Amino acid sequence: MAIQLNHLHTSSLTLKLEKQINQQLRLHNHLQSQRTKGPVSVTQVSAALGAGGGSKAKQLIESGSVRAVLPKDAAAAMATNSESHGFRLLDIRPEWEREKARVPGSLHVPLFIKDTDSSLITLLKKLVHFGYIGLWTGQQLTTIDSEFVSQVERVAPDKDALLLVACGEGLSRSMMAVTKLHEAGYRNLGWLAGGFNRARDGEFPVEGTEKLQYATIGGVSYYFLKLLLLLEALGNAR
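For the sequence shown, the positions run 15 to 252 when my numbering is used.
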């Protein structure tokens, strides 16, 4: 029985490993195709997010109440001159993603924060999360910050100001944030379509130790990505 259980456990880990490798290969191939084919259109991004961002946010974007901005257009959208003020970038990623890579001068109010609850249920959830997600992606168990809107109001009190909301993937996090802020009275919101993951080198000034495209990747997946990049560099050097 012990041998059988060990075999099942090993098989489970192998499946997880294969899944993570395939995910990183897809991400790497996507980033490579972006360099050669150019960024996707807002329509393509919106269609791809149909099931992931929430119907309210999707309606706001499709109706034009919230402006979708591609990473390649973000610099122009954020430009400020004597005639007009551009968007201010609002980074809603958790702190550990922002530490790796960030846009200088951007506002930072995380929508999700680390779950610090010490109850038995939460501790069990953390163990499960680490085994199935955290170990492979580096993501911590999080919870929605109930004070998110009030914190945004502190750093951006003018609800007529132009705010460009951004997260790593441009999926549920930024779309949820856009919905919350629109409901709170912000009427000049932008949404970074596809998030920082779809940004190409040079489209944003960057501070930190990583590229914006890779800041969401951690854990074992991070080393797979580094291995892929190393193999690509060696292949190009031949």
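All C-beta atoms in this analysis are idealised placements derived from N, C-alpha and C, irrespective of residue type, glycine included. Remember, predicted model here, so these are calculated numbers, not experimental data.
Beta carbon of residue i nearer than 8 angstroms to that of residue j
i           : j           : result
residue 192 : residue 179 : yes
residue 204 : residue 81  : yes
residue 108 : residue 157 : no
residue 244 : residue 187 : no
residue 120 : residue 103 : yes
residue 224 : residue 118 : no
residue 99  : residue 176 : yes
residue 247 : residue 226 : no
residue 91  : residue 189 : no
The ligand FMN heavy atom lying under 7 angstroms from the CB of residue i
i           : result
residue 212 : Ligands in the displayed structure: none, and consequently the ligand FMN is not present.
Among the options, nearest to residue i - alpha-carbon criterion
i           : options            : result
residue 164 : 199, 181, 107      : 199
residue 230 : 154, 215, 161      : 154
residue 1   : 195, 175, 128, 166 : Examination of residue 1 is not possible in this model, given that the chain is present from 15 through 252 alone.
residue 77  : 201, 99, 166       : 201
residue 173 : 73, 72, 101        : 101
residue 167 : 132, 122, 249      : 122
Endpoints, the alpha helix (DSSP H) within which residue i is located
i           : result
residue 214 : First-last for residue 214: undefined, no H or E at that position.
residue 81  : From DSSP, residue 81 is part of no alpha helix (DSSP H) but of the beta strand (DSSP E) over 81-83.
Run of the beta strand (DSSP E) containing residue i, from where it starts to where it stops
i           : result
residue 169 : First-last for residue 169: 162-169, but that is the alpha helix (DSSP H), not the beta strand (DSSP E).
residue 105 : 102-105
is_contact[residue i, chain C] using C-beta, thresh 8 angstroms
i           : result
residue 180 : Protein chains in the displayed structure number just one, and chain C is not present.
Review point. Are the stretch 69-85 and the stretch 204-224 touching by the rule of at least three beta carbon pairs closer than 8 angstroms?
Key: With the rule of 3 Cβ pairs closer than 8 angstroms, the stretch 69-85 counts as touching the stretch 204-224.
Point to revise | Those runs of the alpha helix (DSSP H) which lie wholly inside the stretch 176-231 and span at least 4 residues | key: Restricting attention to alpha helix (DSSP H) runs no shorter than 4 residues, the stretch 176-231 encloses them at 186-197, ordered along the chain.
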